[in-house]
Structure formats: C-alpha cells, structure tokens
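Working notes, structure below.
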Amino acid sequence: MCGRFSLKEAEVRKVAVRFRATVDARLSAEPMRPRYNIAPTQNVLAVRMEGEERILGSLKWGLVPSWAKDASVGNQMTNARAETVRERLAYRQLFRTRRCLVPCDAFYEWTGERAAKQPYAFARADGALFAIAGLWDAWSDPQSGSVLETVTLITTQPNAMVSVIHDRMPAILREADEEAWLTDTPDAAAALLRPFGGEMRSWPVSRRLNSARFDDASLIAPVRVSEQPELF
DNA sequence: CCAGACGTTGTT
DNA sequence: GTCTGG
DNA sequence: CCAGACGTTGTT
DNA sequence: GTCTGG
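Per this note's numbering, the first sequence starts with residue 7, numbered consecutively.
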C-alpha cells in the first residue's frame, strides 16, 4: 500500500515549477521543511485543476467525503484501490471530477512481523520528483462551518521491484501522463493506473521510520537490515 | 418508497 | 482484538 | 503505514 | 450526495 512517503524538496516554488502549477495563495504563508516521513492525517501537497489552471495546494491525507457526518472516517480512507476505485460508492464520483497529483520523491513499504517491521524506500533511479495519483474532496464541518480539504492515494499492483517487499504500491503516473490524469475523460484516466514501469531503486531504511513522530534526513539513509538495533 | 452504506491494509 | 492519532 | 491506547473517580 | 438492498 502507500502509507508513508517523502518529499525532500522544501521550496514550494520549485515543486510548482516541476508540475507547471500556480501556488495556492493559502500556501504562501506556510513555511515548508524537507519531509522524510509523511504519514496519514498529515497535510500533503497536491496539484488540482481549478478551471484551466493547475493549482498546487495543501490537502489533509485521509479522505473525508463531502457527505460525511464527521471527519473521523478520514482515518480509514488513506488509500483507494485502482482495481475498484470506479465502482466504490465513496470514490466513484470523485474519479470523474476530482483527480489530483501528489508530489513525492520516495515511498516506503514494509515487510516482516509486527515485532520487527522493516521499511524499505523506493525512488526513481534518477531521484526525481514523481506524482502519485490521488482523489480529493471538500468537507464542511457542520459545527464550525469550516471547510476541510482531504485526499486519498490510489494503490495498484506492485511492479517487479516492489513485489519483492510488498503486494501493493502507490499508483505512480509517468510525467507524460500527468496532464491526462488531471483533465482527460475517466476512461482515459483509468488506463493510466498501472504499476510504475520506469527504472527504480530501493534500499532498507531505519526502523525509526515506523514511528510517525520522527522526521529527519537520517530516516531515508540506507541501513544494513542485520545491524539494526532494537528501537522500541 | 426509505434505510443504510459509503474503505484499505494486513493478518488469521 | 480494534481503534485512534501521527 | 505503524505505534500506542484501550478507564473512572476524586483530588491536586 | 448517491447508490444498493429490502
């Protein structure tokens, strides 16, 4: 699945250039830092269409559908399966109208038992930014009236490299397909949700990554699995 | 018609 | 075992 | 995704 | 909000 990822690029402006997007006015005030351990419930950057324009903004990871009675359902909706996303009632409509791109430079998958969960990082071979396919929605809090914008990340079958570690991976779009994901028909968009075919590399990383309260550069450094100390 | 659901992962 | 929080 | 909590009463 | 099941 896709339950953690990194985005080391802290310059929102640079991310916006890569995705040919305009920075959302609400983002300018938010200071950014490099992120190595982005977890569900946290805010992530996302590119959405607003009319003819791509807007780079911030969404909370964990979809809260517009019809939800309260925001807690978002905890259970961090991912949507590519194989069924067009059937599922909670996602069907969003697939037609609210697709987005989530910028990322590595994602993590785990192997092993609960007592010794070992994470691995996966990145493009060239280290470049890429986009995970997402769906977003806006939810109005009936109490306060404030609007919460949220996102879910689509998962698909693993490619050869990821399948060694895990049986799911995020739906990564080729750069050439990003425009179609944002603007083309649902049928055309659905055809883009395939296991990533580009060259990737992977390496084991620190088990400190397991705890979402850690977030520093050491988390993405390669480790030797056999030499990791007990940490919890 | 109304009521009730609307999700994924991993683990067993 | 299952849910919540990060 | 994983980690950590999972509870109430009364008193400070 | 929208769909499914009864």
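Even for Gly, the Cβ is constructed at its ideal location relative to N, Cα and C. Computed from a prediction, not measured in an experiment: that's the story for all the values here.
At the C-beta level, Val23 and Met38 stay beyond 8 angstroms of one another. If you check the CB distance, Asn49 and Leu65 come in under 8 angstroms.
Apart from the 5 residues on each side of it in sequence, Ser72 sits with its Cβ closer than 8 angstroms to the Cβ of Asp143, Ala144, Trp145 and Ser146 in its chain, given in chain order.
Counting only residues of its own chain and dropping the five nearest sequence neighbours on each side, Ala129 has a CB closer than 7 angstroms to the CB of Asp111, Ala112, Met206 and Arg207.
Shown here, Gly140 sits in a strand according to DSSP, grouped into three states. Closest in C-alpha terms to Thr47, from the list Leu33, Gly80 and Pro40, comes Gly80. Shown here, Pro176 sits in a strand according to DSSP, grouped into three states. In the structure shown, Lys66 adopts extended strand secondary structure according to DSSP, grouped into three states.
About 5 angstroms separates the beta carbon of Thr162 from that of Ala177, a gap short enough to meet the 8 angstroms contact definition. Under the three-state reduction of DSSP, Trp73 is assigned to coil, being neither helix nor strand. Per the C-alpha coordinates, the member of Leu51, Phe101 and Val231 positioned closest to Glu15 is Leu51.
Three or more beta-carbon pairs separated by less than 8 angstroms are not found between the segment 183-195 and the segment 213-226, which leaves the two stretches without contact. Pairing Phe25 with Pro109 gives a Cβ-Cβ distance under 8 angstroms.
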